[in-house]
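Heads up: the structure comes next, in C-alpha cells.
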Amino acid sequence: MTEPVVASDLQQPGTMAPKTPADAAPATQKITFHFGQGVPVPEGMKEGAVSSADAIREQTLDTFRGMGVPEEVLQQARARTPVSRQEYELAQHKKASLMKDRGWVAKYLDGDQEARRTMGTLSIILGSNIKDDE
Numbered sequence: 001m002t003e004p005v006v007a008s009d010l011q012q013p014g015t016m017a018p019k020t021p022a023d024a025a026p027a028t029q030k031i032t033f034h035f036g037q038g039v040p041v042p043e044g045m046k047e048g049a050v051s052s053a054d055a056i057r058e059q060t061l062d063t064f065r066g067m068g069v070p071e072e073v074l075q076q077a078r079a080r081t082p083v084s085r086q087e088y089e090l091a092q093h094k095k096a097s098l099m100k101d102r103g104w105v106a107k108y109l110d111g112d113q114e115a116r117r118t119m120g121t122l123s124i125i126l127g128s129n130i131k132d133d134e
C-alpha cells in the first residue's frame, strides 16, 4: 500500500519559507509622520482651485435638483445648515411611513416626480447635521 499524499509532498524542493527561530527579533519598519502643511500648492494653481469634495457636493446637489428638490432646500444643503432635532425626527418618521406604503414605493421606483422630490428632500434632511440643543 502507498502512503496518502499530503500538501508538503506537493511542494517543490527549496520553495518552503525558511524557518526563523522563535526568539528572533520581529521585523521593523521606520515610519515618519508629517504633521505640517503637506505638499505646497504652486501659486499659479491656487486661483480658482476647487476641492474635489466641493465638486462632488455640487454633483450631488445637481442630482437632487434633477429630482425636483426646491432650490431653497439645495441652498441649505450647500451651506450645510444644520436641522433641528424635531425636523430630523419628523423626516425619519415620514420616510419610514412612506417606505411601508407599497403604492408609494412603486410610484417612487417608477420615477414619479413628486415621490422623487419627497425622497430627495428627506434624504437631504437626514444627511444634515443636527443643531445642538441649547
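The opening position of the sequence shown corresponds to residue 1 in the working numbering, with each subsequent residue numbered one higher. Ideal Cβ positions, reconstructed from N, Cα and C, are used throughout, including at glycine. Owing to the predicted nature of the structure, the values given are computational and were not obtained by experimental measurement.
A direct Cα-Cα distance of roughly 8 Å separates residue 73 from residue 124. Spanning the alpha carbons of residue 71 and residue 29 requires a straight line of approximately 53 Å.
Contact between the region 97 to 112 and the region 56 to 64 is absent: fewer than 3 CB-CB pairs across the two stretches fall below 8 Å. Residue 132 and residue 23 have their C-alpha atoms some 55 Å from each other. Relative to the Cα of residue 92, the nearest Cα in the group 65, 64, 121, 67 belongs to 121. Membership of residue 123 in the alpha helix (DSSP H) is indicated by the continuous run 113 to 126. Sixteen is the threshold: when 16 or more other Cβ atoms of the shown chains lie within 10 Å of the Cβ of residue 119, as they do, the residue is buried.
A Cβ-Cβ separation of about 10 Å leaves residue 113 out of contact with residue 66 under the 8 Å criterion. Under the three-state reduction of DSSP output, residue 105 falls in the helix class. Collapsing the DSSP output to three states places residue 69 in coil. Under DSSP, no beta-bridge partner is assigned to residue 56. The beta carbon of residue 117 sits closer than 7 Å to those of 67, 68, 69, all from its chain and outside the five residues before and after it, given in chain order. Contact annotation: residue 64 and residue 53 have beta-carbon atoms that are not nearer than 9 Å.
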